[in-house]
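Engineer: Below you will find the structure I want to go over with you.
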Amino acid sequence: MKQITIFGNVTKDAELRSTQQAQKVCGFTVAVNDRRTKEAYFFEVAYWGRPGEAVAQYIKKGTSVAVSGEFSWREYNGNKYLSVNANSVTLGGGNRSNEPAPPAKNLGDLDDEIPF
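Residue numbering for the sequence shown follows my numbering, beginning at 1 and increasing consecutively.
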C-alpha cells in the first residue's frame, strides 16, 4: 500500500455522490504547489462513508485541507491522474467570504458591578 499525506487547496466545491450499492462518497480535487518547480499537482480525492458525508458540506473551493490515504495514479488519454482514497481529511482555513460579519447582539445595559 502506498500511503500519502498532502496539503493543498480545494479547486471546487465537493460533490457527495451515491454508488449503485448505496455507498456515499465525497469527491473533490486538491491542488498542491511544488515550491521548487512552481508547478501544481492535482489530486482527485475520494472520502467514503459517514466521514465523507460529514465533511462534504464544509469542503468548498479555496479551503485548505490535509488529506491522508492510499495513493494511486492512472493514465487516461495520455494524461496522468493522481488519486487519493482518503482515510482522513482535516480542514484548514481559506475560502473566507467577503460578507461582513453579522452585527453584535444588543446586550442592553450592562452593569459593571459584580452581583454579589
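Just so it is clear, CB atoms sit at the ideal spot from N, CA and C, and this is done for glycine as well.
Around the C-beta of F7, are 16 or more other C-beta atoms found within 10 angstroms, so that it is buried, or is it exposed?
Structural biologist: To locate residue 7, count along the sequence shown from 1; it is residue 7. Exposed, since its Cβ has fewer than 16 Cβ neighbours within 10 Å.
Engineer: Roughly how many angstroms lie between the CA atoms of R17 and W73, to the nearest whole one?
Structural biologist: In the sequence shown, the residue the question calls residue 17 occupies position 17. In the sequence shown, the residue the question calls residue 73 occupies position 73. The alpha-carbon atoms of R17 and W73 are separated by roughly 21 Å.
Engineer: Is the beta carbon of V25 closer than 9 Å to that of G52?
Structural biologist: Along the sequence shown, read from residue 1 onward, the residue named residue 52 stands at position 52. Along the sequence shown, read from residue 1 onward, the residue named residue 25 stands at position 25. For G52 and V25, yes; Cβs fall inside 9 Å.
Engineer: Taking the DSSP output, what are the residues bridged to I6?
Structural biologist: Residue mapping note: residue 6 aligns to position 6 of the sequence shown, counting from 1. The partner list for I6 (beta bridge, DSSP) reads V67.
Engineer: Note down, in chain order, each residue of its chain lying with its Cβ closer than 6 Å to the Cβ of N98, except the 5 sequence neighbours on either side.
Structural biologist: Start at 1 with the first residue of the sequence shown, and residue 98 comes out as number 98. Here the model assigns N98 a pLDDT of 45, short of 50, so the residue's position is not dependable and the matter cannot be decided.
Engineer: With a CB to CB cut of under 6 Å and the five nearest residues on each side skipped, what residues in its chain are close to G27?
Structural biologist: Reading the sequence shown from its first residue, position 27 is the one you call residue 27. Correct list, in chain order: E15 and A46.
Engineer: Let me make sure I understand the geometry here. Which of N85, S88 and K80 has the alpha-carbon closest to that of Y41?
Structural biologist: Working through the sequence shown from its first residue, we reach residue 41 at position 41. Y41 has its Cα closest to that of K80, out of N85, S88 and K80.
Engineer: Can you have a look at A54 and say buried or exposed, based on whether 16 or more other CB atoms are within 10 angstroms of its CB?
Structural biologist: Sequence index remark: in the sequence shown, residue 54 carries index 54 (1-based). With fewer than 16 Cβ atoms within 10 Å of its Cβ, A54 is classed as exposed.
Engineer: Less than 9 Å separating the beta-carbons of A66 and V89?
Structural biologist: Start at 1 with the first residue of the sequence shown, and residue 66 comes out as number 66. Start at 1 with the first residue of the sequence shown, and residue 89 comes out as number 89. Yes, the pair counts as a contact, with Cβ atoms nearer than the cut-off.
Engineer: Whose C-alpha, out of Q20, D13, Y76 and V30, is nearest the C-alpha of F61?
Structural biologist: Numbered from 1 along the sequence shown, position 61 holds the residue referred to as residue 61. The residue asked about is misnamed: residue 61 is Lys in this sequence, not Phe. Selected option, being the one with the closest Cα: D13.
Engineer: Relative to the C-alpha of F43, which residue among T11, V30 and G49 is closest?
Structural biologist: Position 43 of the sequence shown, counting from 1, holds the residue named residue 43. Comparing Cα positions, the closest option is V30.
Engineer: In chain order, what residues of the same chain lie with their CB nearer than 7 Å to the CB of E39, ignoring the 5 residues before and after it?
Structural biologist: Your numbering for residue 39 matches position 39 in the sequence shown. Answer for E39: no residue qualifies.
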